[in-house]
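Working notes for the structure below.
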Amino acid sequence: MTIRQLAAAAIISASAVISASAQTPVKIGVLTDMSGTYSDLAGPGSVWSANKAVADFNATSKAVKAEVIFADHQNKGDIASGIARRWYDTENVNVVVDLVTSSTALAVNEIAKEKNKVALVSGAASSDITGSKCNANTLHWTYDTYALANGTGTAVVKTGGNTWFFITADYAFGQALERDTSAVVTANGGKVLGSVKHPFPAQDFSSFLLQAQSSGAKIIGLANAGADTTNAIKQASEFGIVQNGQNLAGLLVFISDVNALGLKTAQGLIFTEAWYWDLNDGNRAFAKEFAAANNGKHPTMVHAGVYSSVIHYLKAVEALNSAADGAATVAKMKATPTEDKLFGKGSVRADGRKIHDMYLFEVKKPEESKAPWDYYKLRATIPAAQAWRPLEQSACPLVKKS
Amino acid sequence: MFELLGVPPQALFGQLLLGLINGSFYAILSLGLAVIFGLLNIINFSHGAQYMMGAFVGWMLLNYAGVGYWAALILAPLLVGATGFIIERFLISRLYKLDHLYGLLLTFGLALIIQGIFRNQYGSSGLPYSIPVELSGGQNLGFMYLPNYRAWVVVASLTVCLATWLVIEKTRLGSYLRAATENPTLVGAFGVNVPRLITLTYGFGVALAAFAGVLAAPIYSVNPNMGADLIIVVFAVVVIGGMGSILGAILTGFGLGVVEGLTKVFYPEAAATVIFIIMIIVLLIKPQGLFGRAP
Chain A
1 MTIRQLAAAA
11 IISASAVISA
21 SAQTPVKIGV
31 LTDMSGTYSD
41 LAGPGSVWSA
51 NKAVADFNAT
61 SKAVKAEVIF
71 ADHQNKGDIA
81 SGIARRWYDT
91 ENVNVVVDLV
101 TSSTALAVNE
111 IAKEKNKVAL
121 VSGAASSDIT
131 GSKCNANTLH
141 WTYDTYALAN
151 GTGTAVVKTG
161 GNTWFFITAD
171 YAFGQALERD
181 TSAVVTANGG
191 KVLGSVKHPF
201 PAQDFSSFLL
211 QAQSSGAKII
221 GLANAGADTT
231 NAIKQASEFG
241 IVQNGQNLAG
251 LLVFISDVNA
261 LGLKTAQGLI
271 FTEAWYWDLN
281 DGNRAFAKEF
291 AAANNGKHPT
301 MVHAGVYSSV
311 IHYLKAVEAL
321 NSAADGAATV
331 AKMKATPTED
341 KLFGKGSVRA
351 DGRKIHDMYL
361 FEVKKPEESK
371 APWDYYKLRA
381 TIPAAQAWRP
391 LEQSACPLVK
401 KS
Chain B
1001 MFELLGVPPQ
1011 ALFGQLLLGL
1021 INGSFYAILS
1031 LGLAVIFGLL
1041 NIINFSHGAQ
1051 YMMGAFVGWM
1061 LLNYAGVGYW
1071 AALILAPLLV
1081 GATGFIIERF
1091 LISRLYKLDH
1101 LYGLLLTFGL
1111 ALIIQGIFRN
1121 QYGSSGLPYS
1131 IPVELSGGQN
1141 LGFMYLPNYR
1151 AWVVVASLTV
1161 CLATWLVIEK
1171 TRLGSYLRAA
1181 TENPTLVGAF
1191 GVNVPRLITL
1201 TYGFGVALAA
1211 FAGVLAAPIY
1221 SVNPNMGADL
1231 IIVVFAVVVI
1241 GGMGSILGAI
1251 LTGFGLGVVE
1261 GLTKVFYPEA
1271 AATVIFIIMI
1281 IVLLIKPQGL
1291 FGRAP
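Going down the list, the sequences are from chains A and B.
So the first sequence is numbered by our numbering: it starts at 1 and just counts up by one.
So the second sequence is numbered by our numbering: it starts at 1001 and just counts up by one.
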């Protein structure tokens, strides 16, 4: 390098430092499923939501200069790790958001800790993210397997569904969901008669449904997600499962799944979610903008979670005037109460769990639905204090045991 | 109740039957692949995308034109088959002089493009498509509840497979096809239009995939990835049966469906792997496939 080039480089880096002191630069990496089975419930919609959060934040504050990039983790832990490492190491990404499958979230949260960056999980479900695998650099935002199991499991057992058989996706998420739901069922006096683990993703569920049918369980719990769940529900109706007196409990159902099934097949399903677009005016306004930008699709709770987590992250960066120290940023996020237009007021716990109300929804009958995407009836609101795993049961080392 | 290998025999019969039903899809799809490979020497990696297109065209016919299931079962394969003509005429036909690898790359790239277009337009979570009223409901067979539609799938698939096999093995047109596979130059010298024969064959193979797609639409989620998930298994089926062997593709398709069905009972975690384990064993013992001729 010649002296002239050196001088030029010095000037450029110096000017970068000067502009940085005026506005804290932040690079947000949306790592999500852009092309696979979960790309409707997260994917491009999550990227849009992150950008929307940045735009809304910039409207009130000029303290942060945020840039959003994205990549496809293809729902594979190794691919997610590779991208996260590259982003953190060489592309100055400060925070990775979304992470749709538990396998990718559990891989990236380790890397965030190793590099002292931040991971904000919205799409993934495993309650281990804030349990045994928790760390000081990761927050779990939207929902988790404990809250799903707790909401749906309790409601179903209380209305008489006391014997269960699980059809479980054979990876981290499905196993966690089955484990957490089994615990809830047993705690409420119900019984688990058996389970079958299917490869992920699967097309044909007839064989598993037949096994569930012969178990004689009153409730068939679907511990899977996305196309696996819709395929299972579709085929259950074909095999007359419900007509013969058994009921399905979709443990993780997104509004995109209900849309794919159609109300005729999905009606009557009961499940737990963190967010629904038609709950209040703020949500409806967000959904309207979202739909206009995304081919008419309406946002899922994962999209809303990405928005909410990015807003809270930017507030913490503004307060600290820096995004360099991941653990410090996460500590600040835990210390500050959360507030945004989609989730209202809430908080982040010591174990990294974001706390807000959860909702028990029922899918409307076709004649009850008045407009496209008008799908849910609110059955019950599960208050934040009851929705999540109590801290004293947490296996997370960050939680001080008294 | 007595048990067979730890499973009640009634459950076992049920699973065998379900395996046969899944095998129907493998059989139609691997048949199409085998026909295309046998004549064109092209490994058609866009077969899964064409299966998906069949299901989507069925959905479009219903939602945009009000055309029901039965008409779609004929129309969708014709429409998708026509796209096959175009692909063969303008793209694949330029690659016959080159290595197999180029055909594979071309069709694989086409598959990615087709899936991408459909994903952009319709999203990945799928579209609803109902079972036709004539076939809703089911029969209680004593050992299981068999939905009428699944029974229809087996009948339709067996009929199509048998008809295809008869056309290729027993008719004059079939004899031209087989002759053109052996020695295209000589067959051309007898006045047979070999390039047209090849275009028709490719279109026919693609139409078979689309037919399977329409069959699948009421029971599987109609989504852009439905073919990508299935096609790898179907390729394993073709390899096990013997590349290019028509009868091999049909029999192996049904057979492996049954094997997979049984795996779902005894060790469900391995249901996605078992076909590939069989493929490895077959390749080690009989590299040309169970029904393939030694080169």
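Glycine included, every Cβ here is placed at the ideal spot set by N, Cα and C.
| Query | Result |
| --- | --- |
| Beta-carbon proximity of B/Ser1124 to A/Ser39, cut-off 9 Å | yes |
| Proximity of A/Lys218 and A/Asn247 at Cβ, strictly below 9 Å | yes |
| Delimiting residues of the beta strand (DSSP E) encompassing A/Phe271 | Ile270 to Glu273 |
| Neighbourhood of A/Lys191 by C-beta, 8 Å cutoff - its chain only, sequence neighbours within 5 removed | Asn162, Thr163, Trp164 and Val185 |
| Terminal residues of the alpha helix (DSSP H) in which A/Tyr307 lies | Met301 to Leu320 |
| Which listed residue (B/Tyr1122, B/Leu1031, B/Tyr1129 and B/Gly1109) has its alpha carbon closest to that of B/Leu1215 | B/Tyr1129 |
| Three-state class that DSSP yields for A/Asp40 in the structure shown | coil |
| Chain A contact residues for B/Tyr1149, given Cβ-Cβ distances below 8 Å | Glu238 |
| Three-way DSSP call (helix, strand, coil) for A/Ile219 in this model | strand |
| Whole-Å CB distance - B/Ser1245 paired with B/Gly1292, under 8 Å assumed | 5 Å |
| Chain B contact for A/Leu269 (CB, 9 Å cutoff) | no |
| Length of the line joining the Cα atoms of B/Leu1101 and A/Lys234 | 39 Å |
| Contact with chain A by B/Val1155, beta-carbon distance below 9 Å | no |
| Helix, strand or coil at A/Met358 according to DSSP, with G and I counted as helix | strand |
| Meets three-Cβ-pair contact criterion under 8 Å: the region 141-149 of chain A and the region 296-312 of chain A | yes |
| Paired residues, beta bridge with A/Arg353 - DSSP | A/His140 |
| Classification of A/Ala20 by the beta-carbon crowding that lies within 10 angstroms, buried from 16 upward | At A/Ala20, the pLDDT of 47 sits below 50, so the modelled position is not reliable and the matter cannot be decided from this model. |
| Minimum Cβ-Cβ distance from B/Tyr1069 to chain D less than 9 Å | Reference to chain D is not applicable here, since the protein chains of this structure are A and B. |
| Endpoints, beta strand (DSSP E) assigned at B/Pro1195 | Note, B/Pro1195: premise wrong, no beta strand (DSSP E); alpha helix (DSSP H) at Val1194 to Ala1216. |
| Per-residue contacts from B/Ile1131 into chain A (C-beta, under 8 Å) | Glu238 |
| Secondary structure of A/Gly29, DSSP reduced to three states | strand |
| Amino acids of chain A, ordered along the chain, whose beta-carbon sits closer than 7 Å to that of B/Met1144 | Leu210 |
| Closest by C-alpha distance to B/Tyr1220, when choosing among A/Thr230, A/Phe200, A/Gln213 and A/Gly221 | A/Thr230 |
| Three-way DSSP call (helix, strand, coil) for B/Leu1290 in this model | coil |
| Close Cβ partners of A/Pro44 (< 8 Å) along its chain, the five nearest in sequence each way excluded | Met34 and Asn294 |
| Residue closest to A/Ile241, alpha-carbon to alpha-carbon, out of A/Lys377, A/Ser207, A/Met333 and A/Asn150 | A/Ser207 |
| Beta-carbon neighbours of B/Glu1134, restricted to chain A and to distances below 8 Å | By Cβ distance, chain A contributes nothing, its closest Cβ being about 14 Å from B/Glu1134, past 8 Å. |
| Spatially closest choice to A/Lys113 from A/Lys365, A/Arg85 and A/Leu99, by CA coordinates | A/Arg85 |
| Identity of the residue in B/Phe1211, B/Tyr1202, B/Ile1131 and B/Met1144 nearest B/Asn1158 by Cα | What sits at residue 1158 of chain B in the sequence shown is Leu, not Asn. Selected option, being the one with the closest Cα: B/Phe1211. |
| Coarse secondary structure for A/Thr381, derived from DSSP in three states | strand |
| Nonlocal neighbours in the same chain, by C-beta distance under 6 Å from A/His356, ignoring five residues either side | Phe343, Gly346 and Ala384 |
| Cβ contact (3+ pairs, closer than 8 Å) linking the region 51-60 of chain A and the region 1252-1270 of chain B | no |
| Sequence ranges, beta strand (DSSP E) only - wholly within the region 121-196 of chain A, length at least 3 | 138-140 and 163-169 |
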